[in-house]
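A.B. asks: Residue numbers (the numbering used here): 2 to 112.
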Amino acid sequence: METTRQNKIARLLQKELSDIFQKQTRATHGVLVSVTACRISPDLSVCRGYLSIFPSERAAEIVQNINDNSRQIRYELGQRVRFQLRIIPELKFFVDDSLDYAENIDRLLNV
Numbered sequence: 002m003e004t005t006r007q008n009k010i011a012r013l014l015q016k017e018l019s020d021i022f023q024k025q026t027r028a029t030h031g032v033l034v035s036v037t038a039c040r041i042s043p044d045l046s047v048c049r050g051y052l053s054i055f056p057s058e059r060a061a062e063i064v065q066n067i068n069d070n071s072r073q074i075r076y077e078l079g080q081r082v083r084f085q086l087r088i089i090p091e092l093k094f095f096v097d098d099s100l101d102y103a104e105n106i107d108r109l110l111n112v
């Protein structure tokens with residue numbers, strides 16, 4: 002069960018990370034990265050971000066690249082939220098394949 006503070010911080014981080022990824026992926030045409038959810042640990046030190054990536058064939062490669070560059074992303078996030086948060090959480094990113102799963106279920110039901 003997440004507390005109200007965890008939920009507020011998770012929403013703040015999701016909004017800021019979405020903006021960061023939108024600006025970074027503007028240079029790469031044909032790739033869309035959106036942050037579907039953020040989960041923050043109870044001690045507010047670790048944030049797990051779930052990313053929905055289009056095209057989904059390159060999702061593993063893109064998430065690996067994002068995790069390799071998480072230090073730079075964390076620094077930029079820190080510059081944006083430095084007045085709201087005392088400690089900037091460590092970032093870990095995962096692929097959110099819920100849209101692919103829902104599409105597969107829909108396809109199976111229509112057969």
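The beta-carbon is built from N, C-alpha and C at its ideal position, and this holds for glycine as well.
Leaving out the 5 sequence neighbours to the left and right, which residues in its chain are closer than 7 Å to G79 when beta-carbon positions are compared?
C.D. replies: Residue numbering aside, residue 79 sits at position 78 when the sequence shown is read from its first letter. I89.
A.B. asks: Rounded to whole angstroms, what is the Cα-Cα separation between E77 and P43?
C.D. replies: For the purposes of this step, residue 77 is taken as residue 76 along the sequence shown, with counting starting at 1. For the purposes of this step, residue 43 is taken as residue 42 along the sequence shown, with counting starting at 1. Cα-Cα distance, rounded: 23 Å.
A.B. asks: C39: which of R49, H30, V32 sits nearest, CA to CA?
C.D. replies: Position 38 of the sequence shown, counted from the first residue, corresponds to residue 39. When each option's Cα is compared against that of C39, the closest is R49.
A.B. asks: If contacts are defined as beta-carbon pairs under 8 Å, then V34 and L52 qualify, I think. What distance do you get, rounded to the angstrom?
C.D. replies: Working through the sequence shown from its first residue, we reach residue 34 at position 33. Working through the sequence shown from its first residue, we reach residue 52 at position 51. That belief holds up - the Cβ atoms of V34 and L52 are roughly 6 Å apart, short of 8 Å.
A.B. asks: Please classify E3: does DSSP put it in a helix, a strand, or coil?
C.D. replies: Walking along the sequence shown from the start, residue 3 turns up at place 2. Of the three classes helix, strand and coil, the one that applies to E3 here is coil, per DSSP.
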